[in-house]
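Step one of this worksheet: look at the structure below.
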Amino acid sequence: MQPKDMTKNEAFKGFTNEACPFLPCHQGVKREFNCLFCYCPLIAYECPGPYEVYTDKNGLTRKDCSACKLPHDGYLQSWNFIQKWLEYPVVWKGEKQTDPPTRRPRPPGAPEDEDED
Ligand code: SF4
């Protein structure tokens, strides 16, 4: 059992850095603005966010996540979103987001999610 399983205090799941000069750095967030995932843990993995693809000055293909609210919109909602997608992370192949967006990767043989977001 991990410490987070033994507490009802969920403060570790999010916070808003009101002192940050860039807040709000992503437009359209309706719930509490979660700054915990300022550097999104999914940046190197497949994700469902509305990222754009660009090539940086070193010639690397990267995501521009300016339009994505998923790791920021609500403390609990964004925490749950990140945990869910990190259950089975798959390295991003450097391709554009699809339409509809990428579905959450599942281990071989695992049932499809019914509550996919
Ligand atoms: S598009 Fe959104 S979910 Fe995907 S890596 Fe960027 S910030 Fe994270």
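Using UniProt numbering, the first residue of the sequence shown is number 1, and each one after it goes up by one.
No residue lacks a Cβ here, since even glycine has one placed at the ideal position from N, Cα and C.
Please state the DSSP three-state secondary structure of residue i.
i: phenylalanine 33; result: strand
i: tyrosine 88; result: coil
i: aspartate 5; result: helix
i: tyrosine 39; result: coil
Select from the options the residue whose C-alpha is nearest the C-alpha of residue i.
i: glycine 28; options: Arg103, Lys63, Ala67; result: Ala67
i: glutamate 52; options: Ile82, Trp79, Thr98; result: Thr98
For the beta strand (DSSP E) containing residue i, list its first residue and its last residue.
i: lysine 63; result: 61-64
i: threonine 55; result: 52-55
Please decide whether residue i counts as near chain C, where near means a Cβ-Cβ distance under 8 Å.
i: glutamine 83; result: The structure shown contains no chain C; it is built from a single protein chain.
Handout entry: Meets three-Cβ-pair contact criterion under 8 Å: the segment 36-50 and the segment 82-96
Key = Between the segment 36-50 and the segment 82-96, the count of C-beta pairs closer than 8 Å reaches three or more; the two stretches touch.
Next item on the list: Please list, following the chain, all residues that have a C-beta closer than 7 Å to any non-hydrogen atom of the ligand SF4.
Entry: Taking each Cβ in turn, the ones that pass are Cys40, Leu42, Ile43, Cys47, Pro48, Gly49, Pro50, Tyr51, Lys63, Cys65, Cys68, Leu70, Pro71.
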